[in-house]
Structure formats: structure tokens, C-alpha cells
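Residue numbers (UniProt numbering): 1 to 719. Everything on this sheet refers to the single structure shown next.
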């Protein structure tokens, strides 16, 4: 049936009788086939389509291929270390291909031998096809032997167009998409079962233990979806970039296995029966994982390559895929203008000031730089034009953050104001508030602290107790805020206060702008585990704040904060992700330096380096995927929640890797060691990882709230 709708001829151009299309269509179909565990030879057939598209095949072969009734596929050994011994003598082929993917399901084979491509009818008497005992019953492999078998020459193997590396990369990308489909199907089964199955009087999906499993499954599936999409973005003439395919296979195949394992655990005993579909999906995912090199093998090879590339003092020749979204003329003009401005204004003097040994001098330089960029129109680019922004498109924001990170421009010192206070005032502020604060915020003339968390109101932010009582034309504020980042350097605090009753607790919250130099406001430092002063406590003792500093309606602060944060662009995370990639590069160089000094790192560290490199690429691909969805007019999807959770946990792993790569030299406290300690808070600030998992399960996957918890709006807006 699939041949009748042109599925098999995807990738073969219409002039050859094919359905046309590209790798993205093949990957989409592969995902569907994987989700249903369809027993068809999709991988080898689509690889054959890509190979034939580079040749001039005879019309009869093209007709057979386009009709699809007799499957035509490239013989690919599942074991990349397998030795293929094929010889050609007078147009006759002899030899064997062992463990060929889809080998038992093909009628015709395309093989490479003696530097040329050949077409063989596998039903010829001189061909022996021995099906192997199949772990994945939907795709049995086979040993295929040829004994002076007639073969039709198709053309020369062009290593630059359709050589072994390109063929392997395409097959790996297709297996990755298949594994993604199996993982997504396992997740969907787990979600439905978690809603239907009841235990102790409630759906099992209402219990946190199940929610966290589901959230981890979603994160794995969605990150691998971005990696798979990256192979399509990197494709040239139907073949993906080899590194993009490595990223996709190592990510998606691991995700497929994780999802099928966790789904089996959630289902319990029923999933361990022959009748249940989960074992089919698990077999499918395991096949995808092991064929053409396992994720572990790929990561080991990548890690060794990344480290060895610089061992002799040379820069890496690796050219990882850099998938691009659609860039129109306006977007390109925007990027060109930014690059021209940076080329003229980003001087060595600025960079020297940012590296000043005196912390106070560095902060002054950062503030002046933000003001300098703001005056040129390069700060708050996503803000409306009337408020100093550029109404930048999402694509432009992505390019903007990428360019700044690529040129090692530090993040803006006033980023909290740019991402929270400024947008809030633009939407909810009075004309007087906008006049007073918005431009000053954009220029970093005013720096903002975030007065959200309290001792008993962290992730459960609505439990805050700091109270503001209206007294004439002023609010009298009493309470205590904690974990206020860099409040010692800020002039104002964007503050959530309680102005109404405790119950219902969301309905009595308001937003106040509080000057930190007001009488009754005391900022006290909290020394971090790294030894530095980053966090603060802010005590409010009868602090009097003008009623004109109320943002939005009285007792309507919860909606004000949530509305603003829900519209915050994902690109605000992008700069941090790109800077994280820079950290990975520095870690790789650190490992290379050890090698040059005769102190090579061990295999386990090389694999961790490869994992971090892949994860940094996946985070970047998430941003690209969000852009393509937005450009197509679709909802961005759950990327925001996923990026926050995945990125925060990866940041911790990254800095631990950094000091492990350094080895005993990390026993001397340096900036890497301090970063290792300070990033322990990465999975706590802005809502803990555990709370984010709950949010993902509830808001994205539709799980009910815990039976003992309050209505859903109690979730913190900080996510």
C-alpha cells in the first residue's frame, strides 16, 4: 500500500519517476513507520533512492523502483565493522554482505563493488539470502551471498556525492527518525495509561513519581526530534552532514530506548506480555540503537576525534552541521547591519575594560556598553519600536544572540530588566511608569533586582507573605525577600507583594516597584558556596513606597507576572546556550592541552566531552526548531520548558566535566572550580528541576495535579 502513495520513491526526482521531496519528508515518514513498528524495508529503500538520484539508472530499474511492488534497497551491513568482500568479474558479482539491514525483505539490491554501483535481482538462482534470527521481528537482517551473479553496472561511486560516508550518514539519520517514532509512541502510550489507570483512588499520572518519568521521556523525545530535524537542515543533494547524523543517532536512539523502558515501567506487568505493543516498540528502538554503531560507540569515536584534533597543535578540521532557518532579505539586512556596527564599534578598548581586574570597573564598563549599544538601537531589539526596540522577528533575535555570542560579547548586565521589568511595564505600566523606567532600563541606567522568592515561597511562589498595606498615597511594605541576585548593585526591585487576603492566595498579590535605597530597605549579602557574593536577602521594614509604583491592578499581580513571562521569547535563553557552547570549546581545548603535555585523558572523560558537545548542539537546534515552527505560523511547542530543564542540568554536568578534565590541577581553586560550585544552584533558581518536571507533565502532557495539592494556578510564574 505504501508504494501506491509514493512513499518509497521519496527522494527520487520526478524526472526519474519518483515522488520528489527531500530528506525532511523521508524523516517524517520514518518517524511514523517507527511509531507503528511497520514491517517494511524503509531504511535501505530510501538510501537507494538517494544513491540512484546521483546516477543515470536504466529505465527498467526506475520503473521497478517507482512502482514499489518489488522493493529495491542498498545492502547495508548493520555492523559497521563488518568486512564486505565483493568482487566483479565480467559483469558477475561474487562475495557476501553479512547482516544486511532489510536484507530479507528486498527483491533487488544496489551494492558498491570495485568502485562502482551495481544492480542485482536477489531472486536470481546464484543469490542466497539467509534470514537471521530477528530480535526486531519487523525488520529481519540477512546474510546475502553472490556466486557469479549477473549484475548491471549503474555508474561510478563518487565519494563526494554518494560514497560510503554519505550513505552511512543517511542511513543513520533514517534510523534516528525511526527510533524517535518508537520513543514518541511509547510516550503517548504512557501518557494515556497514566490518565486511565487508577491507584489509591486517583489516576497514577497525578503522582509525582510518574510525572517525573513522563517529563524525562518528553525531554528526551523532543530534544531528539530537534536533532533529527538538524539532519534535514544540513542535507545536500539528499544526504545529511555526517556530524549532524551522528548527533541525531546518538540522541534519538538513546531517547527511543529511554522512552520504551520508562513506558514499560509505568505500564507495569501488562507491558511485559506478548500481546502488548510496547515490546515491539522496544525491539524497534533497540535495533535502531545498535545498527550502524551504537550511541556509545559513536560518542567514543567523537570524543577521541574532538580531543585528538588538537593533540598535535592544530585546529580541528571538524565541520559540524550548522542548520539554518529561512532567512529573508530583511533578516539578512538586519544581520549585515549588526555585523557592520560591531566591526566598527567593538574595539579592543571595550574588551580590555571588560577584563579589568577591579570588579567595580568591570561593572561600570558593562553598564556603559549596554548604554552604548542601546543608543545605537541594539538593546531590547524585540521591544516595540516606540520603546526603543526594533520589533525584531524571532529569526532576527536568534541571529542577534548568535552573533553576540560568537564575537564573545558578554551578556547584558541589565538583562533582568530587559526580560522582565521592561516588557512588563510596556504591557501593564502607566504612561508615567513607562516614561520614567523603560528607556532607563534599556540603557542600564537602572538595574533591577527580582524580588520574588521568600524563605517559604520558592517554587511555590504564591505562598509569599511580604505584605504591602495602602496608607494614603503610599504602600507600607513589611517582609523579607531572599536569593535576590546582584541586588547589591541594583537601584530598584521588581517585587511581588501581598496586598489582599491569604486565601485564595493568588488573588491577593500585586506588583510593586521598590527603590532599594528607600528608608526601611536593607540589603544583606549571602555568601555562595563558591565564596562570592551573588545572592542577597532584602529586608523590608515599614518601607514606604509610592502608590504610583503599583504595576497593573491591585491584587492582580499574579496575572501581570504570568502574562509577561508566558510571552517571553525563547531567544532569551539562546545567548546563554551559545555561551555554553563556548564553554564546551574551552573544555575541549583544555583536554587537548593535557594531551600535548603528555597527560591524555581517559576514555570515560572523552565520552563525557562528546556528550557535552552533542548536548550543546542539541540545545542550539532547539532554538532553530522553534524559529522554523514560528515562521510556519505554528505554536512553538514545549521547547521553553524543555530548554530550561535540559539546559540547567547540562550546565551542572558541564562545569563538573571541566574540573574533571583538569584533573588534580582543579585542587587549586580557580574560575572553573568556582563555576562548578556556583552552578549547583542552576537546578534550583527559577523553580527547581523537580518543579519543572511537574509543570511539564501537567501543562504539556495534561497530567492531573497531585491529589493533595491546590488548583493548577498555584504554579510559579518563574518557569
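Cβ coordinates follow ideal geometry from the N, Cα and C atoms, glycine included. Being a predicted model, the structure only gives us computed values, none of them experimental.
Candidates 350, 391, 360 and 385, of which the one nearest residue 372 by Cα: 350
Got a sec, what are the start and stop residues for the alpha helix (DSSP H) residue 52 sits in? 42-52
Give me the residue from 550, 487 and 522 with the minimum Cα distance to residue 474. 550
Which stretch, first to last residue, makes up the alpha helix (DSSP H) that contains residue 720? Examination of residue 720 is not possible in this model, given that the chain is present from 1 through 719 alone.
Under 8 Å between the Cβ atoms of residue 256 and residue 288? yes
Tell me residue 199's beta-bridge partners as DSSP assigns them. 202
Sheet register partners of residue 93 (DSSP bridge): 88 and 149
Three or more C-beta pairs closer than 8 Å, one from the segment 486-495 and one from the segment 505-514: is that the case here? yes
Return the chain-ordered list of same chain residues with a C-beta closer than 7 Å to the C-beta of residue 683, the five sequence neighbours on each side being excluded. 648, 649, 652 and 689
Helix, strand or coil, according to DSSP, for residue 390 in the structure here? coil
Cβ distance (whole Å) where residue 285 is taken to contact residue 177 below 8 Å: About 12 Å; that fails the 8 Å criterion.
Per DSSP, which residues does residue 493 bridge with? Please list them. 449 and 514
Count the other CB atoms, across all protein chains shown, that sit within 10 Å of the CB of residue 484; report buried if there are 16 or more and exposed otherwise. buried
Mapping DSSP to helix, strand and coil, what is residue 131? strand
In the DSSP assignment, the alpha helix (DSSP H) including residue 428 goes from what residue to what residue? 422-428
Out of curiosity, what's the CA-to-CA distance linking residue 730 and residue 197? Only positions 1 to 719 of the chain appear in the structure, and residue 730 is not among them; the question remains open.
Euclidean distance between Cα positions of residue 130 and residue 141: 9 Å
Let me check you understand the geometry: is the CB of residue 693 closer than 7 Å to at least one non-hydrogen atom of the ligand COA? Absence of the ligand COA is noted for the structure shown, with no ligands found whatsoever.
Can you list, in chain order, the residues of its chain whose CB lies under 8 Å from that of residue 533, leaving out five sequence neighbours each side? 488, 525, 526 and 527
To the nearest angstrom, how far is the alpha carbon of residue 335 from that of residue 242? 28 Å
To which residues does DSSP link residue 479 through a beta bridge? 540
Could you please give me the residues that DSSP links to residue 100 through a beta bridge? 77 and 142
If you drop the 5 nearest sequence neighbours on each side, which residues of the same chain put their C-beta closer than 7 Å to that of residue 339? 403
Pop quiz: residue 109 and residue 75 are said to be a contact at Cβ under 8 Å. What is the actual Cβ separation, rounded to whole angstroms? 5 Å
Cβ pair count under 8 Å reaching 3, the segment 256-274 against the segment 202-218: yes
In the DSSP assignment, find the unbroken alpha helix (DSSP H) run with residue 365 in it and report its ends. 359-375
Cβ-based neighbour list, residue 672, same chain, cut-off 6 Å, excluding 5 preceding and 5 following: 658 and 659
DSSP-derived helix/strand/coil call for residue 533: strand
Could you pull the DSSP bridge partners for residue 546 from this structure? 474
Within 8 Å, strictly: CB atoms of residue 119 and residue 61: yes
Name the two residues that bound the continuous alpha helix (DSSP H) containing residue 692. 689-695
Cα separation between residue 357 and residue 366? 14 Å
Run through DSSP, which three-state label would residue 274 get? coil
Bridge-paired residues (DSSP) for residue 454: 457
Taking 8 Å as the threshold, find out whether the segment 7-23 comes into contact with the segment 62-69 through three or more Cβ pairs. yes
Rounded to the nearest angstrom, what separates residue 443 and residue 418 at their Cα positions? 9 Å
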